[in-house]
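Q:
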Amino acid sequence: MVSTRKINRRQLLKSSGLRPRDIRSVDPSLFLTNSMPSLLIRENAILLNLGSLRAIAMGECVLIFDYNRRGGKAFIDTLLPRLNPRNSSGGPCMPFELEVVEAALLSRVQRLEQRLMNIEPRVQALLKVLPNRLTADILEELRISKQALVELGSRAGALRQMLLDLLEDEHEIRRICIMGRNCTLKNDVVECSVPLEKQIAEEEEEIEMLLENYLQRSESCHGQAERLLDSAKEMEDSIAVNLSSRRLEVSRVELLLQVGTFCVAVGALVAGIFGMNLKSYLEEHVFAFWLTTAGIIFGAVVAFFLMYSYLRARKVL
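Residue numbers (this note's numbering): 405 to 721.
#1: Does the region 518-531 come into contact with the region 630-639, if we say contact requires no fewer than three beta-carbon pairs (one atom in each stretch) closer than 8 Å?
#2: Taking the beta strand (DSSP E) that I468 falls in, what are its first and last residues?
#3: Rounding to the nearest angstrom, what Cα-Cα distance links L422 and F479 in this structure?
#4: Please list the segments of the alpha helix (DSSP H) lying wholly inside the region 532-567, counting only runs of 4 or more residues, in order along the chain.
#5: For N646 and E687, what's the separation of their Cα atoms in angstroms?
#6: Please classify I411: does DSSP put it in a helix, a strand, or coil?
#7: Buried or exposed, going by whether 16 or more other CB atoms sit within 10 Å of the CB of Q731?
#8: Exposed or buried, what is N453 when buried is set at 16 or more other beta-carbons lying within 10 Å of its beta-carbon?
#9: If you follow the beta strand (DSSP E) that R428 is in, where does it begin and where does it stop?
#10: Suppose you measure from the CA of N522 to the CA of L553; what does that come to, to the nearest Å?
#11: Can you give me the C-alpha to C-alpha distance between C625 and E517, rounded to a whole angstrom?
#12: Need the endpoints of the alpha helix (DSSP H) that L710 sits in, please.
#13: Is the separation between the beta-carbon of G679 and that of G703 shorter than 8 Å?
#14: So what's S461 in DSSP terms, helix, strand or just coil?
#15: Drop a sphere of 10 angstroms on the beta-carbon of A661, count the other beta-carbons inside from all chains shown, and report buried for 16 or more, exposed for fewer.
#16: Do you know offhand how far T665's Cα is from T696's?
Dropping the structure here:
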């Protein structure tokens, strides 16, 4: 059964047996302070914070905050079929709290994997096109893809770290097993009103295997996102080297043109001197024009090669 309710904080604390500091970990209004994934086990409830999914799982119900968000809808779509008796095939069912935890982890991991499947072909296509086609649209798409990979890797890494911390804490896993039973945990020893130690030990192993499964999937998603991000960064570095090489060639051509312009300007200076309205008596000779022109051209060429050799010697060109 799915229903919508509006309850205040006092009613929520009273019905769940939680404390105000526990609610802060799943409070949607404190998104900036509790953005990291968390799974907190209390005596009568499990608090889930998986990004856009924030929920409190109890013995017979689960309270979902902001159920209209993408994470809440995906969680509900995953949880409801698991609670349908027709889908159990007559086999033993897990406790309700564990069904909620597995549905939450499954919906979260599936969303990460789906995002990775959407990003990976786009990045692979960009890596094939670059660096031969350096257009503004392709570079912008590469930047957007890198940003998406960074976000995806961060989310998958945070989920992986949360699962690692939970698997390394034996007390938390044991507290999950004894929820809803007449058991207590004292000095690392489970004390139950009826002999359930063997059953609890088996459930601990099942819970660890369950968490390790989602740990591997989140690790795979995080690793693939990191590999794609490294490939995109290497391509970006290659593009930067290619652009630097092109800029170097352009600068080299500009320097050669400047040297040639300087040499031609010196020749123009000589021509301007002879163009003054003053008599030099060279105009009386028949071959003076051709000798002067040849001298200007020869001097400009010699000056160009001298400057070119000097720049090559100084490793400027």
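Glycine included, each C-beta is placed from N, C-alpha and C at the ideal position.
Note that the structure is predicted; figures quoted are calculated from it, not measured.
A: The relevant details are as follows:
#1: yes
#2: Against the sequence shown, residue 468 aligns to sequence position 64. Element bounds for I468: V466 to F469.
#3: Counted from its first residue, the sequence shown places residue 422 at position 18. Counted from its first residue, the sequence shown places residue 479 at position 75. Taking the straight line joining both Cα atoms gives about 23 Å.
#4: none
#5: One-based indexing of the sequence shown puts residue 646 at position 242. One-based indexing of the sequence shown puts residue 687 at position 283. Roughly 56 Å between the two C-alpha positions.
#6: Position 7 of the sequence shown holds residue 411. Coil at I411, not helix or strand.
#7: Coverage of the chain is limited to positions 405 through 721, which leaves residue 731 absent and any answer about it impossible.
#8: Here residue 453 refers to the residue found at position 49 when the sequence shown is read from its first residue. Buried is the call here.
#9: Within the sequence shown, numbered from 1, the residue matching residue 428 stands at position 24. Run containing R428: none; DSSP gives neither H nor E here.
#10: The residue labelled residue 522 in the question sits at position 118 within the sequence shown. The residue labelled residue 553 in the question sits at position 149 within the sequence shown. So the two alpha carbons sit approximately 11 Å from each other.
#11: Residue 625 sits at position 221 when you count from the first residue of the sequence shown. Residue 517 sits at position 113 when you count from the first residue of the sequence shown. The alpha-carbon atoms of C625 and E517 are separated by roughly 6 Å.
#12: For the purposes of this step, residue 710 is taken as residue 306 along the sequence shown, with counting starting at 1. Its alpha helix (DSSP H) spans residues A692 to A717.
#13: Residue numbering aside, residue 679 sits at position 275 when the sequence shown is read from its first letter. Residue numbering aside, residue 703 sits at position 299 when the sequence shown is read from its first letter. Against a cut-off of 8 Å, the Cβ pair of G703 and G679 comes out as no contact.
#14: Counting from 1 along the sequence shown, the entry for residue 461 is found at position 57. Sequence check: residue 461 is Ala here, not Ser. If DSSP states are grouped into helix, strand and coil, A461 belongs with the strands.
#15: To locate residue 661, count along the sequence shown from 1; it is residue 257. One detail in the question is off: residue 661 reads as Leu in this sequence, not Ala. Result: exposed.
#16: Your numbering for residue 665 matches position 261 in the sequence shown. Your numbering for residue 696 matches position 292 in the sequence shown. Those two C-alpha atoms are separated by around 19 Å.
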